[in-house]
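Trainee: Quick one: structure below, then a few questions.
Numbering (UniProt numbering), first residue to last: 1 to 151.
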């Protein structure tokens, strides 16, 4: 299950290099990737959840995770000064460190069209799309990074 099939490896931060539009949709974000002119709200809690942090913390987390190429880093979305890391659903059984906010069932994530990236100046845009086989950031790696950050 992939968010997309990209023609190149996932982008390296800073917010940043243009993310390539997906060549093919996946079951995870199938509706989100359908061509459309405007953003769309999609429900969390079924196939994905999301962890929201400030832009400042999101940049630090992404930079830290990118130091370990074997770690799965999935889609990362930004809207003004907030970033969302997409994670597999149902990892909310213990509290996440504040001020990170775990979004699951009952939450909606507004996703832009795939070609909207922060690199081209969109306030709501993709920092990166998940690479094939890496549609989500692993909560098993994301959480410890957040636990050890000074908020």
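Built from N, CA and C at the ideal position, the CB exists for glycine as well.
1. For residue 62, report the span of its beta strand (DSSP E) as first-last.
2. Per the contact definition of three or more C-beta pairs closer than 8 Å, is the region 113–124 in contact with the region 56–72?
3. Let's test the definition: count the other Cβ atoms within 10 Å of the Cβ of residue 105 and tell me whether it reaches 16, buried, or not, exposed.
4. With a 10 Å radius around its C-beta and 16 neighbouring C-beta atoms as the bar for buried, classify residue 100 as buried or exposed.
5. My output table needs one value for residue 77: the three-state DSSP class, helix, strand or coil.
6. With the cut-off set at 8 Å, would you say residue 134 and residue 73 are in Cβ contact?
7. Under three-state DSSP, which class holds residue 25?
8. Give the DSSP-derived three-state secondary structure of residue 52 in the structure shown.
9. Output the distance between the C-alpha atoms of residue 43 and residue 50, rounded to the nearest integer angstrom.
10. With 16 other CB atoms within 10 Å as the buried threshold, where does residue 41 fall?
11. Got a sec, what are the start and stop residues for the alpha helix (DSSP H) residue 144 sits in?
12. Starting from residue 101 and walking both ways along the beta strand (DSSP E), at which residues does that stretch end?
13. In the structure shown, what three-state DSSP assignment does residue 160 receive?
14. What does the alpha-carbon distance come out to for the pair residue 71 and residue 141?
15. In angstroms, rounded to a whole number, what distance separates the CA positions of residue 147 and residue 47?
Mentor: According to the data block:
1. Here residue 62 belongs to no beta strand (DSSP E); instead the alpha helix (DSSP H) covers 55–66.
2. no
3. Burial is judged here by how many other beta carbons sit within 10 angstroms of a residue's own beta carbon; residue 105 has fewer than 16 and is exposed.
4. buried
5. strand
6. Taking C-beta atoms as the reference points, residue 134 and residue 73 count as a pair closer than 8 Å.
7. Interpretation of residue 25 is limited by its pLDDT of 38, a score under 50 that renders its predicted location unreliable; the figure taken from the coordinates is listed afterwards. Correct three-state label for residue 25: coil.
8. strand
9. 10 Å
10. exposed
11. 139–147
12. 101–103 is the extent of the beta strand (DSSP E) around residue 101.
13. Residue 160 lies beyond the stretch modelled for the chain, which goes from 1 to 151, so this question has no answer here.
14. 8 Å
15. 25 Å
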